[in-house]
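Encoded as structure tokens, the structure appears first; notes follow it.
Below you can see the structure in the form of structure tokens.
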């Protein structure tokens, strides 16, 4: 009979995500992970498999608790254009307040791991498609109500917003300056306002 797990899975996934987020996939050892998660190496392997499997689970956990939570809060309670603006406002605030300049685990992984690993490339691309889909749903809804102009297609605006989002997350690693990040978002958000 297998022994029940003696740890909180959410807490250990949070700790693993923080470790990968802070140091990257390659620089994070299984020993570092086990120590930060407060479990033994054997428990880590038994519960999550190898480092690669744990990374996949930690990344999925990160996406659900950051992007999934943000989209859920904004899309369900705010008008479409306001939801997009709130999304960028929160991303910029988080970036400015991040003293460690970690950026975004998903974007970091897209730059570090995905170019060399087709499996992770597909995983990260799938999440980026979801980010783009959030923007497209908001733009389409706003265009239907007249809140967002129809001079640009919803697809093009969603792709532009995705690119701005990625740019903010990358720039925040080296220049987490409010004027820079807001200046990057402002022209794109202005395209969503009726003239």
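Residue numbers (the UniProt record's numbering): 1 to 195.
Glycine is no exception: its CB is placed at the ideal position from the N, C-alpha and C atoms.
From a predicted model like this one, the values you see are computed outputs, not experimental measurements.
Check: Could you check if residue 108 is buried or exposed, using at least 16 other CB atoms within 10 Å of its CB as the buried criterion?; Outcome: buried
Check: Are the stretch 131-141 and the stretch 152-167 touching by the rule of at least three beta carbon pairs closer than 8 Å?; Outcome: yes
Check: Whose C-alpha, out of 52, 40, 47, is nearest the C-alpha of residue 119?; Outcome: 52
Check: Given residue 226, which residues of its chain have a CB within under 6 Å of its CB, disregarding the five upstream and five downstream residues?; Outcome: Look at the range of the chain in this structure, 1 to 195, and you will see that residue 226 is not part of it.
Check: For residue 55, report the span of its alpha helix (DSSP H) as first-last.; Outcome: 51-63
Check: Quick check: the stretch 78-94 against the stretch 135-151, are at least 3 beta-carbon pairs closer than 8 Å?; Outcome: yes
Check: Roughly how far, in whole angstroms, is the beta-carbon of residue 8 from the beta-carbon of residue 19, given that I think they are within contact range, below 8 Å?; Outcome: Going by Cβ atoms, the distance from residue 8 to residue 19 rounds to 16 Å, so no, they are not a contact pair.
Check: Mapping the DSSP letters down to three states, classify residue 76 as helix, strand or coil.; Outcome: helix
Check: If we count the other Cβ atoms within 10 Å of its Cβ and call it buried at 16 or more, is residue 29 buried or exposed?; Outcome: exposed
Check: Just how far apart, CA to CA, sit residue 73 and residue 27?; Outcome: 34 Å
Check: According to DSSP, is residue 158 helix, strand or coil?; Outcome: helix
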